[in-house]
Amino acid sequence: MRHRIYGYTLGRKSEHRRALLRNLAAGLFEHGEIRTTLPKAKAVQPFVERIITMARQGNLHARRQLEAKFGRDRWIHVWVADENVPESRKLSNPWFNLPRAEDIQFDDRGEVVKAPRLVEHIMSVVAPMFEGREGGYTRIVRTGERRLGDAADVVILQLVGREDGPQIGGSESPRRSKASKRAEFAAKLAAGWGGAAVAEEEASEAAAEEAPAEEVETSEESSAPEESAADDASDDAAAED
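If you use the working numbering, the sequence shown corresponds to residues 9 to 249, in order.
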């Protein structure tokens, strides 16, 4: 019975499973995304989320906790100095700025003596990417592919924030595109009606302003002949006298 057994066992003993989760998490932090099976991605996702939350504290205690989580600190991006790795992979990385091949140094026996460290990379590069974000640092993208052999679901586990590609962005659904077109048409229609109403209101205001001016002009014109007639009558009366 599964008493006191929490999480995914993945068909492995506890030590083997712990090492698997550490390696998956290290690969995710080094490359930004990894391809694995769906059960493994679901198993390592909470582990990665806790590590990022821990790294966001940014203090010495968090750094020591990360070293304990991974068992030991390790080198990363050593493959940049490997001649068998394609140059296109070394030059383009949508997640992190890769070091130069000259920055990776080896001793006489071929062992690494200088390269970026995993814990420092998590603390200084990965954690600031999620500043102000409370959880939800990773996502699982289903590729629709099956692994050869056991036909397990192959997925992409990646850090959120810089994802790209048709599998991530996708295209707008027909229902959403139709709703967007209707909303745009309604906005244009409302803007047209609003413009016509404003034009009519301005025309009515202009007509109302012109009407009193015309009345004043007509009253002045009508009073002018009356005054001239009164002046003529007074002149005639003075002449008769």
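From the three backbone atoms N, C-alpha and C, an ideal C-beta is built for every residue, glycine too.
From the listed residues Ile42, Asp158, Glu110 and Trp103, the smallest Cα separation to Met137 is found for Trp103.
Secondary structure note for Val149: its beta strand (DSSP E) is the uninterrupted segment Thr146 to Arg154. Lys98: member of the alpha helix (DSSP H) spanning Glu95 to Leu99, first to last residue.
Within the segment 66-148, the complete alpha helix (DSSP H) segments of 4 residues or longer fall at 68-77, 95-99 and 126-129, listed in chain order.
Secondary structure note for Val56: its alpha helix (DSSP H) is the uninterrupted segment Leu46 to Ala63.
For Trp83, same chain residues with a beta-carbon under 8 Å away, outside a window of 5 residues either side, are Val120, Ala123, Pro124, Arg125 and Leu126 in chain order.
When Lys189, Arg190, Leu46 and Val86 are compared, the shortest CA-CA separation from Ile148 is found for Leu46. The shortest CA-to-CA distance from Gly144 to any of Gln53, Arg12, Ala27 and Lys48 is the one to Gln53. Separation of Gly200 and Leu167 (C-alpha to C-alpha, rounded to the nearest whole angstrom) is 45 Å.
Burial check for Glu139: the Cβ neighbour count within 10 Å stays below 16, so the residue is exposed. Non-local beta-carbon contacts of Leu18 in its own chain, meaning distances under 8 Å to residues more than five positions away in sequence, involve Arg25, Leu28, Pro47, Lys48 and Ala51 in chain order.
Below 8 Å, too few C-beta pairs join the segment 97-113 and the segment 150-159 to call them touching: fewer than three.
Distance from the CA atom of Ile112 to the CA atom of Gly15, rounded to whole angstroms, is 38 Å. Within the same chain, and ignoring the five residues on either side of Phe78 in sequence, the residues whose Cβ sits closer than 6 Å to its Cβ are Arg30. Taking the Cα of Leu165 as reference, the smallest distance to any Cα among Met9, Arg12, Glu23 and Phe37 is reached at Phe37. Here the C-alpha atom of Ala76 lies approximately 57 Å from the C-alpha atom of Ala195.
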